[in-house]
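*Asks:* Line by line, the protein sequences give chains R and B. The working numbering applies: residue 70 is where the first sequence begins, and numbers increase by one. The working numbering applies: residue -16 is where the second sequence begins, and numbers increase by one. Even for Gly, the Cβ is constructed at its ideal location relative to N, Cα and C.
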Amino acid sequence: MSEPRVEELELKAWEIRLELIRMFSFGKAHHFGGSLSCIELLTCLYFHKMRYSAQLKDDPERDRFILSKGHSVPAQYVILSMLGIFPMSELRTIKQLGTRFQGHPDVTKTPGIEAPTGSLGQGLSFANGVALAARLDSRKFKIFVLLGDGELQEGQVWEAAMTSAHHRLTNVCVLVDCNKFQSQGSVQEIKGIEPLEDKWAAFGWGVIPVDGHDVAQICRALDRVDGRNEKPVAIIASTVKGKGVSFMENSFKYHNCSLTEQEHRAAEREILDQIRSRKHVESES
Amino acid sequence: MSNQNLEETRDRYGRTLIQLARQDPRVVALDCDLGRSTRSYGITEVDPKRFIDIGIAEQDMISTAAGLASSGKIVFVNSFAVFLTGRAFDQIRQQVSLPKANVKLCGSSAGITLGADGATHQSINDLTLMRCLPNMSVLVPADGNQTEEAVIAAYRHVGPVYLRLSRYRLANFLPADCPFEMGKAAVLRQGSRVALVATGPVTAHALEAADRLAAEGIRPAVYNFHTIKPFDIPCAREIACRYETVFTIEEHNVIGGLGSALAETFCELYEPCTKPLLHRIGIRDAYGESGSAEELVRKHRLDAEGIARTVLEILDTSRQYRR
């Protein structure tokens, strides 16, 4: 396992945010909050942990990423496009009639999408199926699943958590994007899910809490899924909904909405500032 | 008829699954703690690793099956038809039918002939649910031999299939020269003016009803639709043009199954024929209850006597209107 290049990954995350916000200026309503909160998690998966590239996208031995919280797929579109799977310019067609970039993940339309999700709670079960197939075929690849914290209210998640543990699917790794908000309010107010670490542990999982915007911590946690772990691993990532755009942070109001032109410009400016300051630090050092 | 010749379609399903698993290592079976009832457990004879019991969790099972299928497996998922299609409908919609996953949904103990377990376990709307899903094929075998052919056809078809299996014991009654082709209905008996169009095991009762009606001077034709989707529209049109009165016979709610499929076709005919009167024999929008299979079939007039009686009554009523 290579040492994580922390600064490089941090910069990459902000560049992904920039492309995401630019893509979001096209079309109408978008899922801003939950796309922005999982950027560091996705960055560490695709650019540090996973055996995955444009060349490997149909390789049966590739690592899989399954986005169970399907509404955050715009973030995945940006990453797949950075990997060269499709041109960045095409992302502006998102959600338009005839586009390859549907509002939620569609395996029949978008290369690089591994599982049909959108209706919540189904991704971990799907991942278990992929893991069982890998076992039958004696393949060693890993399967990473991103779940939302609100999504954990779906009962099927816990059915699936039992299946992974019972069948010792240790090549399955869950990441929970705990941004603390769901569509209509805070998770705690609507239907609390705590104590989350105890819940996953009680279901037979190894639990690693991390700060979901700290790439060094995320990479360290991911590296513990190394083929020697005795239980499937759940990384509980504490994140900020709408991370990186001050007026969107820690609010459910930007879960799914449209921005004014002014708001768009403000969001882009904030993210550009982050990128500039990081590049500045880089050139100084 | 000796008792040994009687067979439930689920039994033949289990034997055919074993045969397919022997031939093809991609064949895998999932079940929800009903493997010995659905007969999927038999696959362990071939390879215990290819039977995965997901426990009592139908939704988890369907999505797991979709994951296995995405890795090239041919997945037979099993549960009682009522739980499989009802409880896991959203998973079937999003992860099986929408992406055209190569999953075979095997709904066991369908209809009311599960008998004793009562309304909660009887499946009277599985055809409605599966028929309205794009990309889904729907097969309803009538006897053991047709079950074997349907299971093999489902295995060969790349994409999602719903296979409706029954708990009802009956002999292999279909003629040996009745070839099985997915999407193609078969004429079992020629007749005139009246047609009985049946699907599933109750097709046997339709044939017997035709015998009884002959004594009354009525010679109905008998058709078997083993495929509800894709629906054999050319055959349905031929039926519309050839007969005056048509009866559909199914062990299912009259809303959404074979009767509905035929009615939809009849409404869209271009042919300049007089449209026939269509009467749907089945569960008339009611729930089942506990009882023996035979008692329930009789109560819902799906036995030969009930079918013949309904035919005579409807013909009589329609004659009054024609006067």
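What residue ranges within the segment 43 to 106 of chain B form continuous beta strand (DSSP E) runs of no fewer than 3 residues, ordered along the chain?
*Replies:* 57 to 63 and 86 to 91
*Asks:* Determine which residues of the segment 192 to 206 of chain R have a Cβ less than 9 Å from any Cβ of chain B, and write them out in chain order.
*Replies:* 192, 193, 194, 195, 196, 197, 198, 199, 200, 201, 202, 203, 204, 205 and 206
*Asks:* Verify the CB distance criterion: does residue -16 of chain B have a CB-CB separation below 9 Å to chain R?
*Replies:* Because residue -16 of chain B sits at a pLDDT of 43, beneath the cut-off of 50, its placement in the model cannot be relied upon, and the point is left open.
*Asks:* Decide if residue 252 of chain R is buried, meaning its Cβ has at least 16 other Cβ atoms within 10 Å, or exposed.
*Replies:* exposed
*Asks:* Is any non-hydrogen atom of the ligand MN found closer than 8 Å to the C-beta of residue 219 of chain R, if you look at the structure I gave you?
*Replies:* Among the ligands in the structure shown, none appear at all, so the ligand MN cannot be discussed.
*Asks:* Expressed to the nearest angstrom, what Euclidean distance is found between the alpha-carbon atoms of residue 81 of chain B and residue 119 of chain B?
*Replies:* 9 Å
*Asks:* Along chain R, in chain order, which residues have C-beta atoms closer than 9 Å to that of residue 260 of chain B?
*Replies:* Within 9 Å Cβ-Cβ: nothing; residue 260 of chain B doesn't reach chain R, min ~42 Å.
*Asks:* Which of the residues in the segment 231 to 246 of chain R, read from start to end, lie with their CB under 9 Å from any CB of chain B?
*Replies:* 231, 232, 235 and 236
*Asks:* Of all the alpha helix (DSSP H) runs that stay within the bounds of the segment 171 to 209 of chain B, which reach a length of 4 or more residues?
*Replies:* Counting whole runs of 4 or more residues, the segment 171 to 209 of chain B contains the alpha helix (DSSP H) stretches 186 to 197.
*Asks:* Just by C-beta distance, which residues in the segment 11 to 41 of chain B are closer than 8 Å to chain R?
*Replies:* 11, 32, 33, 35, 37, 38 and 40
*Asks:* Hey, does residue 145 of chain R have any beta-carbon neighbour from chain B nearer than 9 Å?
*Replies:* no
*Asks:* What does residue 188 of chain R reach in chain B if we use C-beta pairs closer than 7 Å?
*Replies:* 73 and 77
*Asks:* Is residue 340 of chain R helix, strand or coil by DSSP?
*Replies:* helix
*Asks:* Check this for me: beta carbons of residue 23 of chain B and residue 55 of chain B, under 9 Å apart or not?
*Replies:* no
*Asks:* Mapping DSSP to helix, strand and coil, what is residue 6 of chain B?
*Replies:* DSSP, reduced to helix, strand and coil, places residue 6 of chain B within a helical segment of the structure shown.
*Asks:* Nearest-angstrom Cα distance between residue 140 of chain R and residue 215 of chain R?
*Replies:* When rounded, the separation of the alpha-carbon atoms in residue 140 of chain R and residue 215 of chain R is 11 Å.
*Asks:* If we cut at 9 Å on Cβ distances, does residue 316 of chain B have a partner in chain R?
*Replies:* The structure shown does not extend to residue 316 of chain B, since chain B is modelled only from -16 to 306, so the question has no answer here.
*Asks:* Taking Cβ-Cβ distances shorter than 7 Å, what residues in chain B pair up with residue 329 of chain R?
*Replies:* At a beta-carbon threshold of 7 Å, none of the residues of chain B lie near residue 329 of chain R; the nearest stands roughly 33 Å away.
*Asks:* How is the beta strand (DSSP E) around residue 276 of chain R delimited, first residue to last?
*Replies:* Taken as a continuous stretch (DSSP letters only), the beta strand (DSSP E) holding residue 276 of chain R covers 275 to 280.
*Asks:* Indicate whether residue 284 of chain R and residue 303 of chain R have their beta-carbon atoms separated by less than 9 Å.
*Replies:* No; because the gap between Cβ atoms is not below 9 Å, this pair is not in contact.
*Asks:* What residues in the segment 46 to 63 of chain B bring their beta carbon closer than 9 Å to a beta carbon of chain R?
*Replies:* 46, 47, 48, 49, 50, 51, 52, 53, 54, 55, 56 and 58
*Asks:* Go through its chain and collect everything with a Cβ distance to residue 310 of chain R's Cβ below 8 Å, but skip five positions before and after it.
*Replies:* 102, 103, 105, 106, 248, 249, 250, 317, 318, 319, 320, 321, 323 and 324
*Asks:* Among the residues of its own chain, which have a CB less than 7 Å from the CB of residue -16 of chain B, if the five just before and after it don't count?
*Replies:* Confidence is the limiting factor: at residue -16 of chain B the pLDDT is only 43, short of 50, which leaves the residue's position unreliable and the question unanswerable from this model.
*Asks:* I want to see whether chain R comes within less than 9 Å of residue 113 of chain B, judged by CB atoms only; does it?
*Replies:* no
*Asks:* Counting only beta-carbon separations shorter than 9 Å, does residue 44 of chain B have a partner in chain R?
*Replies:* yes
*Asks:* From the beta carbon of residue 342 of chain R, is the nearest beta carbon of chain B less than 9 Å away?
*Replies:* Judged by the 9 Å Cβ criterion, residue 342 of chain R is not in contact with chain B.
*Asks:* Should residue 39 of chain B be labelled buried (16 or more other beta-carbon atoms within 10 Å of its own) or exposed?
*Replies:* Of the residues assessed, residue 39 of chain B falls on the exposed side of the cut-off, its CB having fewer than 16 other CB atoms within 10 angstroms.
*Asks:* Output the boundary residues of the alpha helix (DSSP H) element that contains residue 231 of chain B.
*Replies:* Here residue 231 of chain B belongs to no alpha helix (DSSP H); instead the beta strand (DSSP E) covers 226 to 236.
*Asks:* What span of residues does the beta strand (DSSP E) with residue 113 of chain R cover, start to end?
*Replies:* Per DSSP, residue 113 of chain R belongs to no beta strand (DSSP E); it is in the alpha helix (DSSP H), 108 to 113.
*Asks:* Name the chain B residues that come within less than 8 Å of residue 176 of chain R, Cβ to Cβ?
*Replies:* Chain B residues near residue 176 of chain R: 53 and 82.
*Asks:* Does residue 224 of chain R pass the burial test, meaning 16 or more other C-beta atoms within 10 Å, or should it be called exposed?
*Replies:* Counting Cβ neighbours within 10 Å, residue 224 of chain R comes out exposed, since fewer than 16 surround it.
*Asks:* Could you tell me whether the Cβ atoms of residue 328 of chain R and residue 94 of chain R are closer together than 9 Å?
*Replies:* yes
*Asks:* Just checking: is the beta-carbon of residue 129 of chain R within a distance shorter than 9 Å of some beta-carbon in chain B?
*Replies:* yes
*Asks:* In three-state terms, what does DSSP make of residue 260 of chain R?
*Replies:* helix
*Asks:* For a test of the three-state rule: what should DSSP assign to residue 216 of chain R, helix, strand or coil?
*Replies:* strand
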